[in-house]
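In the numbering used here, the protein residues as written are 170 to 716.
Structural data, given as structure tokens:
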């Protein structure tokens, strides 16, 4: 439930006036600080465990890979379970893994593959946590402040990135990687404490919880039938694939191209974080003055410049300045992608939509980390960075063909107009399949407008769970039309109707306006039954409501 505040919507700092957001933000600051120190320790420890460039790059990939693999399931969990409890479980899991990693490193029992296994497990915890947290932001702050909240979350992470890596590098240089892992273990306690005290109002649902498989399928279906989100997925995958070269190869840049040690690596990563903070603070102003596609296209170009300079510069100062520019472009692109997905998605599926976005982005990062690591192993870090710069230029050019959609103003709140009808049959929740038929009377001169509206209606129906959607015209009475579709069970029919948003009803209003019958469009709700004993034998009683 969103707290009531008289804040200034659209202000970059407006979300801080919401106590829950503020408390979680500061606790996350401590957690992210520890996470960055852990990342520095893992990356630099790998350079001491092996000289192979691809293994160094796989440290980044091992963190991104589980987010790609498990985010969709985590998104389904976020949309169907108490998000606060999900986040607590995820934080406790990461604390346990970090503690074991600390002990193992202290005892000098880590091999390169064991280190990758630990970072993979921490990535699994992140994959479970992120969809629940990102979906919760829209429950904590109002829609007008959502872009600012996303930007502030980027500031949070990159504020720690600006100083955390340098401190992490100093900790690794002075006390070893085990000390860095110990700091990360302690950093989880603040966030766990805040989440334990947070008591959000969770609205009660009259419908049973979806199974994990069905919820994942519903999320995939919704995204597949949402063109705006599909554009974001393509661009975010390309950006993650190409831009991750900097973060994946930065230990090699610090060691081989700049001739430095862990402190130089931490400072370079800190420069990236400083730039990212600047990008997050500039995000709102740029969004007011420029189109989203122009900002994203500029981010691709800016990051390409960063990769070229990092590849060719022997100076830590010049490389640091380039990394600041790269950090700003990183946040501008990823925060815009995130906001676009959230503003294009209703609350019932937002966790899954964000999870699919993360899958695309981190999938690109994981794949890119491996590609650039192999390239650096065979051709050198310079070549890998220059090739990634070329791919970033191509990603910018693709924007002319697949531009990012502009910020939507659609009302995606539930319509809450549908009322369950009185039925003569005593249906159970699993009774079905359910066939819905709706009769329309359309004047001949309105046929084209009706077909255009029904094409959009088809997408909305199927996106919300309908199957076998069809539109039929009466051969004897051409002004009579019939819309039909199936739902697998009665409870899924109820769920389908409760998913309808105000934006979905815009096309419904157009269709009702075109209907010229004396009465409103007539709705027939029917249950299909088997007509032979063999079909009845394999049909369960409660599914087909057999007497």
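Glycine is no exception: its CB is placed at the ideal position from the N, C-alpha and C atoms.
{"query": "Given residue 564 as reference, the closest of 468, 217, 665 and 545 once Cα atoms are compared", "result": "468"}
{"query": "Neighbour-count burial assignment, residue 249, 16 or more Cβ in a 10 Å radius", "result": "buried"}
{"query": "Exposure label - residue 329; buried when at least 16 CB within 10 Å", "result": "buried"}
{"query": "Member of 643, 603, 680 and 610 whose CA lies at the smallest distance from the CA of residue 627", "result": "680"}
{"query": "Any beta strand (DSSP E) of 3 or more consecutive residues that is wholly inside the segment 308-351", "result": "none"}
{"query": "Residue 470 versus residue 562: straight-line alpha-carbon distance, rounded", "result": "6 Å"}
{"query": "Rounded distance between the beta-carbons of residue 320 and residue 504, thought under 8 Å", "result": "5 Å"}
{"query": "Distance, residue 369 Cα to residue 336 Cα", "result": "35 Å"}
{"query": "Spatial distance of residue 376 from residue 666 (CA atoms)", "result": "12 Å"}
{"query": "One or two residues paired with residue 695 in a DSSP bridge", "result": "604"}
{"query": "Nearest-angstrom beta carbon gap, residue 417 and residue 437 [assumed within contact, 8 Å]", "result": "The Cβ separation is near 13 Å, so there is no contact."}
{"query": "Secondary structure, beta strand (DSSP E): runs of 3+ residues fully inside the segment 583-635", "result": "603-610"}
{"query": "DSSP state of residue 656 mapped onto helix, strand, coil", "result": "strand"}
{"query": "Through-space distance from residue 574 to residue 434, alpha-carbon basis", "result": "37 Å"}
{"query": "Member of 656, 498 and 686 whose CA lies at the smallest distance from the CA of residue 412", "result": "498"}
{"query": "For residue 515 and residue 582, the rounded distance between their alpha carbons", "result": "7 Å"}
{"query": "For residue 519 and residue 266, the rounded distance between their alpha carbons", "result": "29 Å"}
{"query": "Bounding residues of the alpha helix (DSSP H) (the contiguous stretch that carries residue 368)", "result": "Element bounds for residue 368: n/a, residue is neither H nor E."}
{"query": "Three CB pairs or more closer than 8 Å across the segment 203-216 and the segment 246-260", "result": "no"}
{"query": "Residue 715 (DSSP reduced to helix, strand or coil)", "result": "For residue 715, the predicted structure reports a pLDDT of 41, less than 50, and the residue's modelled location is therefore unreliable. A value from the coordinates is still provided. DSSP places residue 715 in coil when its eight states are reduced to three."}
{"query": "Test item: CB-CB of residue 441 and residue 495 under 9 Å", "result": "yes"}
{"query": "For residue 726, the three-state DSSP class (helix, strand or coil)", "result": "In the structure displayed, the chain extends from 170 to 716; residue 726 sits before or after that span and is not available."}
{"query": "Inter-residue Cα distance where the pair is residue 181 and residue 592", "result": "52 Å"}
{"query": "C-beta contact flag for residue 509 and residue 397 at 9 Å", "result": "yes"}
{"query": "Separation of residue 686 from residue 246, as counted between CA atoms", "result": "45 Å"}
{"query": "Beta-bridge partners of residue 649, as assigned by DSSP", "result": "610"}
{"query": "Pairwise C-alpha distance: residue 225 and residue 292", "result": "16 Å"}
{"query": "Through-space distance from residue 378 to residue 607, alpha-carbon basis", "result": "28 Å"}
{"query": "Cβ contact check for the segment 224-240 and the segment 294-306: 3 or more pairs under 8 Å", "result": "yes"}
{"query": "Neighbour-count burial assignment, residue 488, 16 or more Cβ in a 10 Å radius", "result": "buried"}
{"query": "Beta-carbon proximity of residue 352 to residue 288, cut-off 9 Å", "result": "no"}
{"query": "Own chain partners of residue 482 with C-beta closer than 6 Å, once the 5 adjacent residues on each side are dropped", "result": "488"}
{"query": "Counted within 10 angstroms of its Cβ, other Cβ atoms place residue 698 as buried (16 or more) or exposed", "result": "exposed"}
{"query": "Own chain, CB closer than 6 Å to residue 538, minus 5 neighbours either side, in chain order", "result": "226, 229, 230, 413 and 417"}
{"query": "Contact test: residue 687 Cβ vs the ligand ADP heavy atom, cutoff 8 Å", "result": "The ligand ADP is absent from the structure shown, which contains no ligand whatsoever."}
{"query": "Three-state secondary structure (DSSP) of residue 637", "result": "strand"}
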